[in-house]
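Protein chains in written order, with the working numbering: chain A, 234 to 583; chain B, 234 to 583; chain C, 234 to 583; chain D, 234 to 583. Beta carbons are placed, not taken as given, at the ideal position from N, Cα and C, and that holds for glycine. Input: a single structure, listed below in structure tokens.
There are 4 protein chains.
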Amino acid sequence: MSDRLSVGILGATGIVGQRLIQLLERHPWFEVKWLAASERSAGQPYREAARWRLKTPMPESVAGMVISPASPEGAPRIVFASLDGAIARELEPQFAEAGCAVISNSSALRMQPDVPLVIPEINADHLRLIEAQAWRKKSRGFVVTNSNCSAMGLALALAPIHKHFGLEKVFVVTMQAVSGAGYPGVASLDILGNVIPYIAQEEEKMEAETPKMLGSVNGSVAVPADFVMSAQCNRVAVEDGHTESVSVKLRKPATADEIIAAWRDYRGVPQDKRLPSAPEQPIVYDCAPDRPQPRFDADRGAGMAVSVGRLRPCPLLDWKFTVLSHNTIRGAAGAALLNAELLKAQGYFE
Amino acid sequence: MSDRLSVGILGATGIVGQRLIQLLERHPWFEVKWLAASERSAGQPYREAARWRLKTPMPESVAGMVISPASPEGAPRIVFASLDGAIARELEPQFAEAGCAVISNSSALRMQPDVPLVIPEINADHLRLIEAQAWRKKSRGFVVTNSNCSAMGLALALAPIHKHFGLEKVFVVTMQAVSGAGYPGVASLDILGNVIPYIAQEEEKMEAETPKMLGSVNGSVAVPADFVMSAQCNRVAVEDGHTESVSVKLRKPATADEIIAAWRDYRGVPQDKRLPSAPEQPIVYDCAPDRPQPRFDADRGAGMAVSVGRLRPCPLLDWKFTVLSHNTIRGAAGAALLNAELLKAQGYFE
Amino acid sequence: MSDRLSVGILGATGIVGQRLIQLLERHPWFEVKWLAASERSAGQPYREAARWRLKTPMPESVAGMVISPASPEGAPRIVFASLDGAIARELEPQFAEAGCAVISNSSALRMQPDVPLVIPEINADHLRLIEAQAWRKKSRGFVVTNSNCSAMGLALALAPIHKHFGLEKVFVVTMQAVSGAGYPGVASLDILGNVIPYIAQEEEKMEAETPKMLGSVNGSVAVPADFVMSAQCNRVAVEDGHTESVSVKLRKPATADEIIAAWRDYRGVPQDKRLPSAPEQPIVYDCAPDRPQPRFDADRGAGMAVSVGRLRPCPLLDWKFTVLSHNTIRGAAGAALLNAELLKAQGYFE
Amino acid sequence: MSDRLSVGILGATGIVGQRLIQLLERHPWFEVKWLAASERSAGQPYREAARWRLKTPMPESVAGMVISPASPEGAPRIVFASLDGAIARELEPQFAEAGCAVISNSSALRMQPDVPLVIPEINADHLRLIEAQAWRKKSRGFVVTNSNCSAMGLALALAPIHKHFGLEKVFVVTMQAVSGAGYPGVASLDILGNVIPYIAQEEEKMEAETPKMLGSVNGSVAVPADFVMSAQCNRVAVEDGHTESVSVKLRKPATADEIIAAWRDYRGVPQDKRLPSAPEQPIVYDCAPDRPQPRFDADRGAGMAVSVGRLRPCPLLDWKFTVLSHNTIRGAAGAALLNAELLKAQGYFE
């Protein structure tokens, strides 16, 4: 008999739900035992309810699993949630209230001051916000979130810079992959040979979530880092991998070599504790003049490493560079999974 | 007999040369009478030397024209030049020396202080630099240039802002079409489903050329406008149309309505003099939340109008917005043609 | 006051409805006076109900027009219909019953023996089936249809061959553009960098509709042409323009020159009567070795001409060649419009 | 010390050369010890001479290896060759003459009657043609070839059908990936949003090579299989994976179930002898209605398995179906490698 922990997935049929199933297929600690989705899908076997969009085949272990309704009855203790914002706002508190550890990829509760918004390499210590959550006190349930896919790669690339030199200003323009919009998501007639200079609410999320992740915890609330940030978000005809052109102003002077060293040497709790999904080196600097690129670099570190390149002086701020990360792995499903591994390693599932 | 002025094209087989031929097909003032290209092509009829890459058919009038060697002998007075930088640096002075009016799309001489870098709506008055050119004095030949394709759309969008409110800082990230790299240019294996975060020398050109065009003339030299600019350039899988995410800091406060009015009301010499290739309205602001987009907006004003959209406050500077322009029409061939029309209207061909 | 005939569009918000509006914008004979769509859109102005996906702007004349419910009350005599099959099967007879001339792009009634399936160049004479329709007898209403977008280009390319040499066998493999699936239609995640070797019901439609159009009328029923046909349909990442690889076996021997001449000289009623949307030359043979291509050739003849190329012997049948046609113009909206023009020219609207 | 056999690669910098290096990185039998390329690259370390276009990083073991001139001096006994046709025609005989076992992916010698054109699952027995080669007699050198990338997938899909039911006629239309044209290969301006209905010499190669591989050996010459074949080849905007729409006429009747069983049960020498690069199941039938697709299926069996789908009756011949195979793995580098493994297993390197 398996001694892996049972986990459930709320929103199992979507692109992020599929990635979670893929990443959990042979996971040493967790085992998918419960899948939930919208009413329309409930009662159907997963293979019929989901339109599988990944390159590896749908795992046999979930193909025949019957989709449960999206309610806490029958759900396991640990529930990954990947839901549309409005639905998450309603359902996630219900699950936490019922005693579930909700590891959420949804935007609904991310900016709530007592909900940790965590990238384990950066702010594992924010988990202690959990203890302040009303749900926790009542039922031992809680909610932990990861950020928007476009904020994730950026925050990782900024973290060592912020740690060593202090960020004062951050400018970012994104070129985001279509998988970030889910399935069916972006219509082909909208994006073939085109750029869409708009993603609803994306700039607001980036500008709010990045400082929260790079900030601190003061008692029972998260305090955002003190830098100003401006984001512009675009959709491009790429399948997986968000590319970001970034410029930063620092509080302390730094040379290119110092910044590159800060990236290359960056390690965090996931590396120290050897969490199963942790990439060996979370940030990889590529010194080729034309990298990183989504086609070649999105899958680095099994999609969990962030690629950085083209560090050069910025005439306006201090330094500019390009960041790339896999938006549905490090930017969504893998992020949630790494959060779950961190929670387990720190005893939150006991 | 035609009373149109004879013109020649140096670099006639490239993508920009093709666009020039297309735009000149039924031009009221100019008539293509001479085509020149590299030694390899010289002596061949144009239809055999050029791999025609435009959607309209190759004009009959040039199809049988024999390619001349790239030397001033036999060239008409007016010569459009679209050459690689290194070759242009050698050839363009030869043609000017020989008495030709060289209307250049090449980068070689753009930043030379006595060579005007002109967008007729913005800085038609820079043409008077011509009088200071040594060529002019010697043979009445001269060189006038237009900017890089990515600087062109940006400069046009910035011009009314700079005029009314004064620019202090400009931040731009480009997403550039493959036609900007010529033909064969970008390999399909490099760009399908991909973003390339690098275009050689493009950022340097944007940062140097934009202030020159928005600057002034002091005696016999061009003086760049006094703002700081930072550019990051990316290639995306789009055929035609460069999209740019821009943020600006102004010297005087401006409301969104004032900026939009400045764009909409912007007119220049080409509109006043009704130059044949001038768009009625050079800058079009689109208030849809997700525009401009290359597929839908690049051809606006027959490719000569610049589209702007998404004006919104910038947390870091003052305002951010998106600019789109057709890179081989307004950004190259159409730019050169409008320069030629301006020169004619101002008597420089007499 | 306009003396143009009032026309309505059933299914006005879809891609084909949009193309109809675009093609009718300055039509000499017809004027759009009535737009209908699904219940969800009824009551809204067109500019709000439709997500306009064409490169030319939405005509001012329709932008403010309020969408009517999809019922014959208030509809003009002439109604273009572009509806999903199931809905068309219910609605089109209602409109015909109520006295409307229904010019349909839908698949519902195409194969009904007393409904003409018409390409005006090929089988204008099939219109006499109208007289046999029960609707016609009752209310003077009737239904005329055009074929599936993939059958249209093929039928036009086959028509002169069939006329001069007789078809015995036809093999066709299509590579179809995404606009053929409507909007939102094909998800970008399904087609970027991909081929989908399946389009529901498309092969069946091609195999049934092509022989009907190339067939004859016997009394009150259409009799399909006597050739065997096999179709395989694929979707590719192209915006507009279906490319088809075709092979044919003929009943009489033909040389390449004879076939090319048959294509080049092909004319029909639309050319004789100079119908407003008729291309001067309906079939254009391009002798370049690598043409036709969707990017360069789909818009030929304003999207109404079919391009053919690469005629060469087939080791298995007699001849093979490539056909290209614009799927939403000649293949849908333009086809319906040409049918309407034919009907008017032949007095069916009196 | 390694007891792996030393191998060399002629044409090491091209796309197929890169794939060979990738596939050989941790090969149990072979070790890359010698790289050769054109004069321009000779003398440079591989990392500088090659523009690496694969997703996995360039192996450290070859990055510093200096490129040799393309001549037999210093070459190891076993040489993979992936050269342009004209160069191959000159060089491959020189290497064979000098005693090398030339495993060629080039087209030059494929159709020479005494040169085996081998897919190990299909016609391993054709290797005995080697003994008749003049080179063999003189120096023990020989040449073995694999087919064109588009013929490979087709031949594999046809092999079990031909074996069990006999082929009489084969019709195929291809939709080929850009990687098949090498690097830089297809210009992005030619293929973005486009289809090119022409690949030079590709149809001729398919029509000649497929019957040779499915044929027999009579004494010292290969005798092609006795079926008629017609091919039409198109290029589409796909990175890797050729999709083919196929129709066949059989000599003996077969049901769909029988054909699917023939595919599923098909095994050959590579499976029997467990060659390192042999896929467990060389042909995979997918019963989903819209598969195979390049994005999802090209990598099946590490790129060595061919995917088949959509088997259905053909109104013209007997059966139609879709075939997909990875064009640079099973269709080129992997094919050559499997041939080398077969040669070793059968003692040809002793």
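For residue i, the three-state DSSP class (helix, strand or coil)
i: Glu264 of chain A; result: strand
i: His559 of chain B; result: coil
i: Thr378 of chain C; result: strand
i: Asp459 of chain C; result: coil
i: Ser313 of chain C; result: The sequence as given places Phe at residue 313 of chain C; Ser does not occur at that position. In this structure, Phe313 of chain C counts as strand in the three-state DSSP scheme.
i: Ser363 of chain D; result: Correcting the residue identity first, residue 363 of chain D is Ile in this sequence and not Ser. Three-state DSSP puts Ile363 of chain D in a helix.
i: Ser340 of chain C; result: coil
i: Pro353 of chain B; result: helix
i: Ala420 of chain B; result: strand
i: Ala384 of chain C; result: helix
i: Leu400 of chain D; result: strand
i: Ala573 of chain A; result: helix
i: Pro393 of chain A; result: helix
i: Pro503 of chain D; result: helix
i: Val348 of chain B; result: coil
i: Trp285 of chain B; result: coil
i: Met291 of chain B; result: coil
Residue i classed as buried or exposed, judged by whether at least 16 other C-beta atoms fall within 10 angstroms
i: Glu436 of chain D; result: buried
i: Asp490 of chain A; result: exposed
i: Gly250 of chain B; result: buried
i: Ser463 of chain B; result: buried
i: Pro503 of chain B; result: buried
i: Val456 of chain D; result: exposed
i: Gln465 of chain D; result: buried
i: Arg563 of chain A; result: buried
i: Gln434 of chain A; result: exposed
Beta-bridge partners of residue i, as assigned by DSSP
i: Arg218 of chain A; result: Not covered by the structure: residue 218 of chain A. The range shown for chain A is 234 to 583.
i: Ala477 of chain C; result: A quick correction: the sequence has Glu, not Ala, at residue 477 of chain C. The partner list for Glu477 of chain C (beta bridge, DSSP) reads C:Thr407, C:Val556.
i: Arg212 of chain D; result: A question about residue 212 of chain D goes unanswered here, because the residues of chain D that appear run from 234 up to 583.
i: Asp519 of chain D; result: D:Gly542
i: Ile242 of chain A; result: A:Leu268, A:Phe313
i: Val450 of chain D; result: D:Ala455
i: Lys482 of chain D; result: D:Lys402
i: Val299 of chain D; result: D:Pro278
i: Val249 of chain B; result: Paired residue(s): none; Val249 of chain B is not in a bridge.
i: Ala334 of chain A; result: A:Ile311, A:Phe375
Beta carbon proximity, residue i to chain G, threshold 8 Å
i: Gly534 of chain B; result: No chain G is part of this structure, whose protein chains are labelled A, B, C and D.
For the region 285 to 307 of chain B, list every residue whose C-beta sits within 7 Å of some C-beta in chain C, in sequence order. Lys288
So, do the region 531 to 543 of chain A and the region 552 to 563 of chain A have three or more beta carbon pairs nearer to each other than 8 Å? yes
Indicate whether the contact test is met: 3 or more Cβ pairs, each with one atom in the region 261 to 277 of chain C and one in the region 337 to 350 of chain C, closer than 8 Å. no
Residues in the region 391 to 423 of chain B with C-beta within 7 Å of chain D's C-beta atoms, listed in sequence order? Flagged, chain order: Val411, Ser412, Tyr416, Pro417, Gly418, Val419, Ala420, Ser421, Leu422.
Looking at C-beta atoms only, is the number of pairs between the region 408 to 420 of chain A and the region 415 to 430 of chain C that lie closer than 8 Å three or more? yes
Between the region 431 to 449 of chain A and the region 365 to 385 of chain A, are three or more C-beta pairs nearer than 8 Å? By the Cβ test, the region 431 to 449 of chain A is in contact with the region 365 to 385 of chain A, since at least three Cβ pairs between them sit closer than 8 Å.
Do the region 496 to 512 of chain B and the region 573 to 580 of chain B make contact, defined as three or more Cβ pairs closer than 8 Å? yes
Touch check for the region 237 to 247 of chain C and the region 384 to 402 of chain B: three-plus C-beta pairs under 8 Å? no
Within the chosen definition, does the region 347 to 354 of chain B reach the region 307 to 314 of chain B through at least 3 CB pairs nearer than 8 Å? no
Please confirm if the region 524 to 533 of chain C is in contact with the region 422 to 435 of chain D, defined as three or more CB-CB distances below 8 Å between the two stretches. Yes, they touch.
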